[in-house]
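Asker: Numbering (our numbering), first residue to last: 1041 to 1460.
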Ligand SMILES: [Mn+2]
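(1) Taking residue 1451 as the reference, which of 1362, 1319, 1421, 1336 has the closest Cα?
(2) By the DSSP assignment, the alpha helix (DSSP H) with residue 1251 in it spans what residues?
(3) Helix, strand or coil: which one does DSSP assign to residue 1084?
(4) Considering only heavy atoms of ligand 1, does any lie closer than 6 angstroms to the CB of residue 1412?
(5) I need the straight-line Cα distance from residue 1126 to residue 1100, nearest angstrom please.
(6) In this structure, what does DSSP give as the bridge partners for residue 1158?
(7) Does DSSP put residue 1105 in a helix, a strand or coil?
(8) Please determine whether the Cβ atom of residue 1308 lies at a distance below 6 angstroms from any heavy atom of ligand 1.
(9) Could you work out which residue in 1307, 1313, 1275, 1287 is closest to residue 1293 when comparing CA atoms only?
(10) Kindly list the residues whose CB is nearer than 6 angstroms to the CB of residue 1110, restricted to its own chain and excluding five residues on each side of it in sequence; keep chain order.
(11) Which residues does DSSP list as the beta-bridge partners of residue 1298?
(12) In the segment 1139-1207, which residue ranges form an unbroken alpha helix (DSSP H) of at least 4 residues, counting only runs that do not cross its ends?
(13) In angstroms with no decimal places, state the Cα-to-Cα distance between residue 1197 and residue 1068.
(14) Within its chain, find whatever has a CB closer than 6 angstroms to the CB of residue 1405; leave out the 5 residues flanking it on each side and keep chain order.
(15) Do residue 1380 and residue 1418 have their C-beta atoms closer together than 7 angstroms?
(16) What are the partner residues of residue 1079, as DSSP defines its beta bridges?
(17) Excluding the 5 residues preceding and the 5 following residue 1411 in the sequence, name in chain order all residues of the same chain whose CB lies nearer than 6 angstroms to its CB.
(18) What is the rounded straight-line gap between the Cα of residue 1056 and the Cα of residue 1225?
(19) Apply the 10 Å Cβ neighbour rule to residue 1136 and answer buried if 16 or more other Cβ atoms are within range, or exposed otherwise.
(20) How long is the line joining the alpha carbons of residue 1132 and residue 1116, rounded to whole angstroms?
(21) From which residue to which residue does the beta strand (DSSP E) around residue 1416 run?
(22) Mind checking whether residue 1263 and residue 1230 have CB atoms under 7 angstroms apart?
(23) Taking residue 1336 as part of the alpha helix (DSSP H), name the residues at either end of that continuous run.
(24) In this structure, what does DSSP give as the bridge partners for residue 1314?
(25) Mark residue 1093 as exposed unless 16 or more other C-beta atoms lie within 10 angstroms of its C-beta, in which case mark it buried.
(26) Just the C-alpha distance for residue 1060 and residue 1071, rounded to the nearest angstrom, thanks.
(27) Check whether the Cβ atoms of residue 1356 and residue 1369 sit closer than 7 angstroms, and answer yes or no.
(28) Leaving aside the five residues before and after residue 1336 along the sequence, list all residues of the same chain whose C-beta is less than 6 angstroms from its C-beta, in chain order.
(29) Could you check if residue 1042 is buried or exposed, using at least 16 other CB atoms within 10 Å of its CB as the buried criterion?
(30) Could you pull the start and end residues of the alpha helix (DSSP H) that residue 1360 belongs to?
(31) Check the DSSP bridge columns for residue 1272 and list the partner residues they point to.
(32) Using the Cα positions of residue 1273 and residue 1371, report the straight-line distance between them to the nearest angstrom.
(33) According to DSSP, is residue 1428 helix, strand or coil?
(34) Kindly list the residues whose CB is nearer than 8 angstroms to the CB of residue 1048, restricted to its own chain and excluding five residues on each side of it in sequence; keep chain order.
(35) Starting from residue 1115, follow its DSSP beta bridges and name the residues at the other end.
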């Protein structure tokens, strides 16, 4: 049964892997139509930037969003009336280590890249200068080595932030992107279920992370979308804890913030469960407060609302969570819980787990955005951290919880863990 499910997911992932070249071309066309009197240059990652013995090569996400191109060292030049992809020359020594790469004189370069014009990277500078002759400004990713290089080539031009523009586009997902994210979320839900089957007093956090990573990759996803957080007991107070080196004890909670990346798209899901399978009364009380806050936020998600980055931002998801926590539950001294909400409750999810990184927290939500809903409380005096996070699609009239298949009611979690 499980095998069949996994095989089906692999098949779906293989299908979904093909966002067709036409969709990337349409994205570039949209950017070009809004360039005005500017050009846009994006540098893909090089193997030197990101690959090594510890990490596999990953593409720069903005470059990937506009090209779908996964090979290293490429450069994208967009003008209002043309688009060009520049590829590096053949490097037989490097190819012995990392495999054959496409070059501009390969017969299939146009079909493989989806660009009518593919040129050697050595021609980039001349083409860039020519494109700039009649144009005033350059969009690129600020603060990158590429941006510094462009500034030295065009010191008198105005430089603009391409990340701001592309984050705005990237925040609203296409139907195909939403399908990809659904696959990643489904595999992530299976990973959490696998963790629940494995968790027990005496087990190390990395053993739970291993069970989750196995389930995701076995389910057709290439990798974790981010370093898995398996935080037992006091480690749950550390928001991005990733050592995963502690032995879990009976009576503690374990927080798992773990998500798959399938065909380049991330999922982001957190559950907090009891190590020995049953919440203590106090754990359950605090858990119910977070769960209530999470449901209140989910009920508030719809177009027009903002995520918000402060406790007072009006019409914001943040304020909904903060207010709920202040009205439900108390700390050991009888004070409200709101002050223990120490991070944002939402962010975009997509090609990156924190997607569209430059998108504003005060930008109104739109249908087609995919965000997290993840309130949490972190109470050092009680050595307890609880976060509940779902990946959510904003719909025309509300929200669809993509990770709804993963239980979060305390009774359901206890039941699932008792059934092992
Ligand atoms: Mn998150």
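Where is the CB? At the ideal position from N, CA and C, for every residue including glycine.
None of the values given here were measured: they were computed from a predicted structure.
Answerer: Let me spell this out:
(1) To locate residue 1451, count along the chain shown from 1; it is residue 411. The shortest C-alpha separation from residue 1451 is found at 1319.
(2) Translated into positions along the chain shown, residue 1251 becomes position 211. Taken as a continuous stretch (DSSP letters only), the alpha helix (DSSP H) holding residue 1251 covers 1245-1258.
(3) On the chain shown, position 44 is the one that residue 1084 refers to. Looking at residue 1084 - three-state DSSP - the assignment turns out to be coil, as it is neither helix nor strand.
(4) Residue 1412 sits at position 372 when you count from the first residue of the chain shown. Yes, the Cβ of residue 1412 comes within 6 angstroms of a heavy atom of ligand 1.
(5) Mapped onto the chain shown, residue 1126 falls at position 86. Mapped onto the chain shown, residue 1100 falls at position 60. Looking at the two C-alpha atoms, the distance is approximately 15 angstroms.
(6) Counted from its first residue, the chain shown places residue 1158 at position 118. Bridge partners of residue 1158: 1125.
(7) Here residue 1105 corresponds to residue number 65 of the chain shown, with the count starting at 1. It is helical.
(8) Translated into the one-based positions of the chain shown, residue 1308 becomes position 268. Yes, ligand 1 has a heavy atom inside 6 angstroms of this Cβ.
(9) Here residue 1293 corresponds to residue number 253 of the chain shown, with the count starting at 1. For residue 1293, the nearest C-alpha among the options comes from 1313.
(10) Numbered from 1 along the chain shown, position 70 holds the residue referred to as residue 1110. So the qualifying residues of the chain are 1099.
(11) The residue labelled residue 1298 in the question sits at position 258 within the chain shown. The partner list for residue 1298 (beta bridge, DSSP) reads 1309.
(12) 1149-1153, 1164-1172, 1185-1193
(13) As a position in the chain shown, residue 1197 is number 157, starting the count at 1. As a position in the chain shown, residue 1068 is number 28, starting the count at 1. Rounded to whole angstroms, residue 1197 to residue 1068 spans 22 angstroms at the Cα level.
(14) As a working mapping, residue 1405 is identified with position 365 in the chain shown. Answer for residue 1405: 1343, 1345, 1434, listed in chain order.
(15) Position 340 of the chain shown, counted from the start, is the residue given in the question as residue 1380. Position 378 of the chain shown, counted from the start, is the residue given in the question as residue 1418. Against a cut-off of 7 angstroms, the Cβ pair of residue 1418 and residue 1380 comes out as a contact.
(16) Translated into positions along the chain shown, residue 1079 becomes position 39. In the DSSP output, where bridge partners are listed per residue, residue 1079 has 1178.
(17) As a first step, residue 1411 is located in the chain shown; it is residue number 371 there, counting from the start. Hits under 6 angstroms: 1386, 1388, 1432.
(18) If you number the chain shown from 1, residue 1056 lands on position 16. If you number the chain shown from 1, residue 1225 lands on position 185. The predicted position of residue 1056 is uncertain, since its pLDDT is 44 and thus under 50; no value can be drawn from it.
(19) In the chain shown, residue 1136 corresponds to position 96, counting from 1. So residue 1136 counts as exposed.
(20) As a first step, residue 1132 must be located in the chain shown, where it is residue number 92. As a first step, residue 1116 must be located in the chain shown, where it is residue number 76. Taking the straight line from one Cα to the other gives about 23 angstroms.
(21) As a working note, residue 1416 is residue 376 in the chain shown. Looking at the DSSP string, the run of the beta strand (DSSP E) that includes residue 1416 is 1416-1419.
(22) Along the chain shown, read from residue 1 onward, the residue named residue 1263 stands at position 223. Along the chain shown, read from residue 1 onward, the residue named residue 1230 stands at position 190. Taking 7 angstroms as the Cβ cut-off, residue 1263 and residue 1230 do not qualify as a contacting pair.
(23) On the chain shown, residue 1336 is found 296 positions in, with the first residue counted as 1. Segment 1321-1340, the alpha helix (DSSP H) holding residue 1336.
(24) Taking the first residue of the chain shown as 1, we reach residue 1314 at position 274. Bridge partners of residue 1314: 1293.
(25) Numbered from its first residue, the chain shown carries residue 1093 at position 53. Residue 1093 comes out exposed.
(26) Position 20 of the chain shown, counted from the first residue, corresponds to residue 1060. Position 31 of the chain shown, counted from the first residue, corresponds to residue 1071. One C-alpha to the other measures close to 18 angstroms.
(27) As a first step, residue 1356 is located in the chain shown; it is residue number 316 there, counting from the start. As a first step, residue 1369 is located in the chain shown; it is residue number 329 there, counting from the start. No.
(28) Within the chain shown, the letter at position 296 stands for residue 1336. For residue 1336, where only same-chain residues beyond five positions count, the Cβ hits under 6 angstroms are 1360, 1364.
(29) Residue 1042 sits at position 2 when you count from the first residue of the chain shown. With a pLDDT of 46 at residue 1042, under the threshold of 50, the modelled position of that residue is not reliable, and no figure is offered here.
(30) What you label residue 1360 is simply residue 320 of the chain shown in a count that begins at 1. Here the alpha helix (DSSP H) through residue 1360 covers 1357-1367.
(31) For this step, residue 1272 is matched to residue 232 along the chain shown. BP columns for residue 1272 point to 1294.
(32) In the chain shown, the residue the question calls residue 1273 occupies position 233. In the chain shown, the residue the question calls residue 1371 occupies position 331. Their backbone Cα atoms lie some 17 angstroms apart in a straight line.
(33) Counting from one through the chain shown, the residue named residue 1428 turns up at place 388. Looking at residue 1428 - three-state DSSP - the assignment turns out to be coil, as it is neither helix nor strand.
(34) Locating residue 1048 in the chain shown gives position 8, counting from the first residue. With a pLDDT of 49 at residue 1048, under the threshold of 50, the modelled position of this residue cannot be trusted; read the value that follows with caution. Excluding residues within five positions, none has a Cβ falling inside 8 angstroms.
(35) If you number the chain shown from 1, residue 1115 lands on position 75. Residue 1115 is bridged to 1083, 1126.
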